[in-house]
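K.L.:
Here's a structure for you.
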Amino acid sequence: FILCHECGHIRAEKLRGIPHPKGTEQEILKTNRLWNEMISWIEGRRILIELEIPFNEKRLFSYASKCLTRYLEAFETQDEL
54 FILCHECGHI RAEKLRGIPH PKGTEQEILK TNRLWNEMIS WIEGRRILIE LEIPFNEKRL
114 FSYASKCLTR YLEAFETQDE L
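This is the structure:
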């Protein structure tokens with residue numbers, strides 16, 4: 054799952070579909086980081102489907118959710134940008 058996510062980052066960079074939120078510089082950085090992480094999971098899933106690599110949808114969703122939750126928790130405690 055991590056590999057498909059990292060490949061999703063490469064595809065997400067090409068798409069550059071990051072929104073332009075309003076707020077402080079730090080809020081904008083956090084929003085863009087979280088957006089990039091979400092898009093990378095979505096694109097990683099698409100890559101698995103396109104390459105016809107079998108995977109457990111429920112496990113992928115669960116793992117991606119845990120990873121995204123860690124970012125949100127880190128943002129709350131100011132540990133991560």
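So the numbering used here is basically just the index in the sequence shown, starting at one, shifted up by 53.
Using N, Cα and C, we set each Cβ at its ideal position, and we do this for glycine too.
Keep in mind the model is a prediction, meaning the values are calculated, not measured.
I need the DSSP call for Gly76, collapsed to helix, strand or coil.
P.N.:
Coil.
K.L.:
Are the beta-carbon atoms belonging to Ser93 and Ala127 less than 8 angstroms from one another?
P.N.:
It is not a contact, given that the beta carbons lie outside the stated cut-off.
K.L.:
Excluding sequence positions up to five away, which residues of its chain have a Cβ less than 8 angstroms from the Cβ of Tyr116?
P.N.:
Phe54, listed in sequence order.
K.L.:
From this set, Gly76, Asn109, Met91 and Leu82, which residue's C-alpha is nearest Ser118's C-alpha?
P.N.:
Among Gly76, Asn109, Met91 and Leu82, the Cα nearest to that of Ser118 belongs to Met91.
K.L.:
Would you identify the three-state DSSP class for Phe108, choosing helix, strand or coil?
P.N.:
In this structure, Phe108 counts as coil in the three-state DSSP scheme.
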